[in-house]
Amino acid sequence: MAAPSAAATATAISSGPSSITPPSTLTQRIRLIHPSTLEKHNTESSLWVVMKGRVYDVTDFAPDHPGGDDLILQYAGKDMGNIMEDPSEHSHSDSAFELLEEYFIGKLASTAEEKQASGESHGNPAYILPANDGIIIDADYQPDDTDVSGDFKKHQFLDLNRPLIMQVWNAKFSKEFYMRQVHSPRHLKEPARLFGPWYLEMFTRTSWYVVPLIWLPIATALFIRTATAFVNMTKTSNVDYQDLLARSAQAGQSIASIKVASLALTLPCFVFGIFVWTILEYTMHRFLFHIDDWLPDRPFFLMLHFLLHGIHHYVPMDRLRLVMPPILFFALSYPFTQLAHAIFPAAVANGVISGAFVMYVGYDCIHYALHHQRLPEYVRKLKAKHLGHHYSNPDKFFGVTSRFWDWVFETDK
1 MAAPSAAATA TAISSGPSSI TPPSTLTQRI RLIHPSTLEK HNTESSLWVV MKGRVYDVTD
61 FAPDHPGGDD LILQYAGKDM GNIMEDPSEH SHSDSAFELL EEYFIGKLAS TAEEKQASGE
121 SHGNPAYILP ANDGIIIDAD YQPDDTDVSG DFKKHQFLDL NRPLIMQVWN AKFSKEFYMR
181 QVHSPRHLKE PARLFGPWYL EMFTRTSWYV VPLIWLPIAT ALFIRTATAF VNMTKTSNVD
241 YQDLLARSAQ AGQSIASIKV ASLALTLPCF VFGIFVWTIL EYTMHRFLFH IDDWLPDRPF
301 FLMLHFLLHG IHHYVPMDRL RLVMPPILFF ALSYPFTQLA HAIFPAAVAN GVISGAFVMY
361 VGYDCIHYAL HHQRLPEYVR KLKAKHLGHH YSNPDKFFGV TSRFWDWVFE TDK
């Protein structure tokens, strides 16, 4: 949100005690600030103050303060206490307190646990996680619901009571504002509406079990097709194995005829497909779904971003939008399946695709579980990292099934 103007500042200061009504922490990412960091921001060029445990960067506001910046500089890098409510100094109106909230940047770490979590011992005292604008995230983190009516009134972004896609399409806000808002999660009791009519909504909502029901049989068929092809390749090089499984009478015989030797050839293809998926998972998440910096600042592209992945960051706990709709996965996977067939013989390509599809099913099911299930210890660590991606820093922790590629490309810190 843009800083208020001097005129707005002047009109906001008047008599009458008030109190701060903090904005909901559920619709923004809250930075946890160590006291040692606060103390460094004590000059005109970087002026932070604290009131009731909330930290404000009033650097731009101080010169416009009707009472002069000297009054604010007295509390630079310090706690203001109840000075704004002290009649002997100067009582402030409700508008003044609302104005102050425009400069809110985070919460002051007060307990020993918060101070330790804010990272001072790791040489990064400003953040609870080594990322900008962090909040405390662990595997037990559970956000509360957003005040739907109040959210639109406050942020002027999207009305959660109405279908969202056309709002994004018709919006006049900038890409910078869009990105800031879409990465500030909201939480609804019921799935958000994208298009409105039920016959369109059904294509945007997918229960988690739909993924294995559709894609595991396909992966199994591809695996059998590869193994059958390798069986026939050991018999003759002229066998049309693609026609073999097309004939249902022979399909059962082909399955029964799969030998250990063919499995020895099929399994490496399958395992390679699993490996390929881990790379695709990371690269597509990072460079396609998070193409934020290269995205044109036009409503169509913002709408496309929102439809592809922005909706998931905007309402990350929406149970029906945690796994990929079959149509979307088909569209995204089609170029890669064609590439596999262009690079490898059909038997090998099918085996690779089979492994990748099985790993995709694991990916989507794990992704759902990371948001909604209590998990074993190792997976709990994955969950904490993934929730950190949503609630702390969307430019980190891109891996879902594994942290390996985050480690390789240093996006895990």
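Numbered by UniProt numbering, the letters in the sequence shown go through residues 1 to 413 in order.
Even glycine gets a Cβ: it sits at the ideal position worked out from N, Cα and C.
- Approximately 5 Å separates the beta-carbon atoms of T266 and T226; this is inside 8 Å, confirming the contact.
- The beta carbon of S46 is closer than 7 Å to those of T59 in its chain, skipping five residues each way along the sequence.
- Fewer than three beta-carbon pairs drawn from the segment 212 to 224 and the segment 189 to 199 are found closer than 8 Å, and the two stretches are therefore not classed as touching.
- Ranked by how close their Cα comes to the Cα of H390, the residues Y314, H341, T228, M303 have Y314 in first place.
- Annotation for V55: the continuous beta strand (DSSP E) segment containing it runs 54 to 57.
- Here DSSP, grouped into helix, strand and coil, assigns G273 to helix.
- With 16 or more other Cβ atoms from the protein chains shown falling within 10 Å of its own Cβ, I311 counts as buried.
- Membership of L387 in the alpha helix (DSSP H) is indicated by the continuous run 377 to 391.
- Our two residues, D159 and I165, have alpha carbons roughly 11 Å apart in a direct line.
- DSSP places I366 inside the alpha helix (DSSP H), whose first and last residues are 346 to 372.
- Each of R403, I353, Y368 was checked against the Cα of F270, and the nearest Cα belongs to I353.
- With contacts defined by Cβ atoms closer than 8 Å, G351 and G273 form a contacting pair.
- G355 counts as buried, since no fewer than 16 other beta carbons sit within 10 angstroms of its beta carbon.
- As the crow flies, the alpha-carbon of E98 is around 47 Å from that of V211.
- In this structure, the beta-carbon distance from K40 to G77 falls below 8 Å.
- Of the residues assessed, P335 falls on the exposed side of the cut-off, its CB having fewer than 16 other CB atoms within 10 angstroms.
- Annotated three-state conformation of W48 is strand, per DSSP.
- In this structure Q156 is exposed. Its beta-carbon is surrounded by fewer than 16 other beta-carbon atoms within 10 angstroms.
- When DSSP states are grouped into helix, strand and coil, F104 belongs to the strand group.
- Using a Cβ distance threshold of 8 Å, T278 and T401 count as a contacting pair.
- Scanning D364, K172, M284, A369 for the CA closest to the CA of D406 turns up M284.
- Taking all protein chains shown into account, P217 has fewer than 16 neighbouring C-beta atoms within 10 Å of its C-beta and is therefore exposed.
- Annotation: the continuous alpha helix (DSSP H) that includes K175 extends over 175 to 182.
- Annotation for H183: H313, P394 place their beta carbon closer than 6 Å to its own, counting only its chain and skipping 5 residues before and after.
- Residue nearest to P35 within the set G106, L73, E102, I72 is G106 (criterion: CA-CA distance).
- Taking C-beta atoms as the reference points, P299 and I214 fail to come closer than 8 Å.
- In the structure shown, the three-state DSSP call for K40 is helix.
- Burial of R321 is indicated by the presence of at least 16 other C-beta atoms within 10 angstroms of its C-beta.
- When the Cα atoms are used, M317 and H372 turn out to be separated by approximately 8 Å.
- DSSP, reduced to helix, strand and coil, places K189 outside both helices and strands of the structure shown, so it counts as coil.
- The shortest CA-to-CA distance from F404 to any of V358, E281, L308 is the one to E281.
- The DSSP-derived three-state label of I343 is helix.
- C-alpha of A62 to C-alpha of I33: approximately 21 Å in a straight line.
- Contact check for F289 against L304 fails: the beta carbons are separated by 8 Å or more.
- Per DSSP, D318 has no beta bridge partner at all.
- E44 and Q74 have their alpha carbons spaced roughly 11 Å apart.
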